[in-house]
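J.:
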Amino acid sequence: MDATLERPFTPATGARAGGLLDRRYGPLVPHALLVFIGFVTLWLAEEPATTLYVTGAAVCVAYPWIIFLEIRRAPLGLSPISFYFGWNIMSLGLAAIHHANKLAEGLPIRFSVQKIYPDELAAGYVMYLVGAFGLHAGLQLIRPIPEPGERPPPMGSGFLALWSLGVFMRFIGPIIDVGGFGAFSGLVQWGSLAALTGFVAHQGANHRRASFWILFTLGTVVEFIVNLRAGSKAFLMFSFLPAGILFTRQRPLRRWLPVLGIALSVFYLGVVAPVVSAARQADAVAGENQSDRIVRTYTQGDYGEGDGIEEQTAAFFDRSFEPIPASFLYGEVERHGLRWGDTFDYLAYAFVPRLFWPDKPTVSRGGWFYYYIGAARSEAEATTSVAQTAAGELYWNFGFPGALFGMGVIGALFGFLWRLTTPFPEQDPIRLVLYIALCFNMIDMAEAGTTLVNIVFRALVLVPSMLLLDRAARKRAEAAPSEARALS
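Following the UniProt record's numbering, the numbering of the sequence shown begins with 1 at its first residue and continues without gaps.
1) Report all residues from its chain with a CB closer than 6 Å to the CB of Val200; omit the five preceding and five following residues, and keep chain order.
2) Specify the secondary structure class of Ile373 as computed by DSSP and reduced to three states.
3) Just verifying my parser: in three-state terms, what is the DSSP assignment at Phe240?
4) Identify the continuous alpha helix (DSSP H) that holds residue 513 and give its terminal residues.
5) Return the CA-CA distance between Leu460 and Asn88, expressed in angstroms with no decimal places.
6) Assuming contact is defined by CB atoms lying nearer than 8 Å, are Glu223 and Leu193 in contact in what I supplied?
7) Answer yes or no: does any C-beta atom of chain D fall closer than 8 Å to that of Leu218?
8) Decide yes or no for the touch test of the region 375-383 against the region 392-406: beta carbon pairs closer than 8 Å, at least 3 of them.
9) So, are the CB atoms of residue 509 and Ala375 less than 8 Å apart?
10) For Lys115, which residues does DSSP report across the bridge?
11) Apply the 10 Å Cβ neighbour rule to His336 and answer buried if 16 or more other Cβ atoms are within range, or exposed otherwise.
12) Quick check on Val352: does DSSP put it in helix, strand or coil?
13) Going by other Cβ atoms of all chains shown within 10 Å of its Cβ, with 16 needed for buried, is Ser211 buried or exposed?
14) Please classify Trp256: is it buried, with 16 or more other beta-carbons within 10 angstroms of its beta-carbon, or exposed?
15) Any idea what DSSP makes of Arg249, helix, strand or coil?
16) Is the beta carbon of Ala284 closer than 8 Å to that of Tyr303?
17) Where does Glu310 land, buried or exposed, given buried means 16+ other C-beta within 10 angstroms?
18) Given this structure, state the Cα-to-Cα distance separating Pro118 from Glu105, to the nearest angstrom.
19) Given that a residue counts as buried once 16 or more other Cβ atoms are within 10 Å of its Cβ, and exposed if not, what is Pro425?
20) Taking only three categories from DSSP, how would you classify Ala282?
21) Let me confirm a value: Val272 is counted as buried when at least 16 other C-beta atoms fall within 10 Å, else exposed. Which label applies?
22) Would you mind sorting Val352 into buried or exposed? The rule is 16 or more other CB atoms within 10 Å of its CB.
23) Do Gly198 and Pro429 have their C-beta atoms within less than 8 Å of each other?
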């Protein structure tokens with residue numbers, strides 16, 4: 001049980017451990033400095049590309065710094081904050097530099113059928129960074145932080161059942177309409193990954209045993225196979241998240257982290273990205289599901305023609321640069337003014353469970369936004385869902401204050417869910433699945449309103465369950481001394 005107390009990087013002793021950056025709001029200091037750099041370069045730079053170059057490079061310094069501060073706090077190493085900033089080193093750092101290169105070369109920046117002007121791109125990028133700062137501040141305000149010397153509670157049971165349920169839900173999800181149980185199924189689908197993460201947290205110290213590697217490899221392979229059904233490149237790579245945690249937590253394996261990172265990058269750019277992209281363009285075969293099509297594309301070798309690792313890297317940076325839609329919305333505000341809540345009209349019905357309203361209109365605004373930007377003749381004819389991003393939608397309605405404070409509210413709500421998991425989520429299967437789901441929610445905020453709805457429904461599903469489980473655990477703890485006295 002003591003293995004769960006080990007942190008990947010423990011704070012140094014003395015003044016450094018109690019310094020400014022080790023306090024609750026300490027990680028906001030480098031983040032605030034980054035936003036300041038963004039505004040200064042936006043104001044002083046003559047070329048928009050300079051803002052992206054300088055601030056993108058600053059992201060590549062500030063975000064790893066924040067991650068380092070975070071993994072010294074989180075007993076598991078992984079946390080919603082470290083996962084969010086790890087992803088955005090690429091999305092807001094390297095991808096920003098990539099787009100700066102495109103601006104410097106005079107290449108057009110496009111958002112579907114719309115053109116993004118350089119000034120709008122630079123301003124939208126800084127606006128998005130403001131939203132990220134607000135999100136981070138809200139999280140730090142509410143999130144749990146273990147006290148010095150705090151010990152984890154006894155380990156709960158049910159990790160194997162959670163793994164089995166997660167695999168089961170992944171297989172039946174595309175077959176059976178879960179209807180009004182979408183909030184529940186959306187959580188349980190991460191059950192197998194959460195259980196594998198729990199296995200790494202509790203058994204990682206046994207990494208020198210062959211039995212550990214057999215079980216760990218089997219679990220990773222199963223996770224990869226079930227993620228094939230989603231047809232998502234990101235989901236496939238998330239299968240290796242427990243491997244990253246294992247190599248980070250265990251000191252003897254830590255030296256192999258660069259090798260693991262390079263291997264997974266080559267695997268993604270050389271296999272996953274080209275195969276999944278080609279499978280999406282391949283002709284459908286009767287009775288074939290998404291995973292069948294991906295496997296067929298790979299076995300036939302009909303992928304990657306003319307697209308090497310360099311081309312796949314550029315395509316990845318093009319896809320992952322989320323300030324693109326935010327930049328379009330910045331331009332909309334410049335041309336037409338703020339919407340003042342007009343685009344949040346769907347919240348009027350969003351909180352009605354589909355279980356009670358089977359024909360409820362879709363809450364996601366991706367199809368409507370695809371129509372709004374002129375890529376479809378009507379929302380009904382939209383064949384693609386396009387994200388506004390949470391920061392973009394808030395700015396579209398309320399400007400920079402909306403992006404900052406609105407994302408702060410979302411961050412605080414995420415922090416509330418995080419607090420439900422306690423500082424030691426790896427000790428309980430239900431808390432761990434919520435913890436893992438939170439990590440992925442942090443990088444999947446298509447709109448501010450739908451993110452809010454998602455948080456509310458997850459709280460409604462999990463809060464009663466956790467209260468009941470905690471009550472049962474307290475009763476067992478109270479009964480144990482009585483039983484011991486009776487036996488004596």
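Ideal placement from N, C-alpha and C gives every residue a C-beta, glycine not left out.
T.: Considering the structure as presented:
1) Pro242, Ile245, Leu246
2) coil
3) Coil, per DSSP.
4) In the structure as shown, the chain starts at 1 and stops at 488, and residue 513 therefore has no counterpart that could be examined.
5) Going by the C-alpha atoms only, they are around 29 Å apart.
6) yes
7) You won't find chain D in this structure, because it holds only one protein chain.
8) no
9) Given that the chain is displayed from residue 1 to residue 488, the structure contains no residue 509 and the question cannot be resolved.
10) Arg110
11) exposed
12) coil
13) exposed
14) Under the 10 Å beta carbon count, Trp256 is surrounded by fewer than 16 other beta carbons and is classified as exposed.
15) Reduced to three states, the DSSP call for Arg249 is helix.
16) It is not a contact, given that the beta carbons lie outside the stated cut-off.
17) Flag for Glu310 reads exposed.
18) 12 Å
19) buried
20) coil
21) buried
22) With fewer than 16 Cβ atoms within 10 Å of its Cβ, Val352 is classed as exposed.
23) yes
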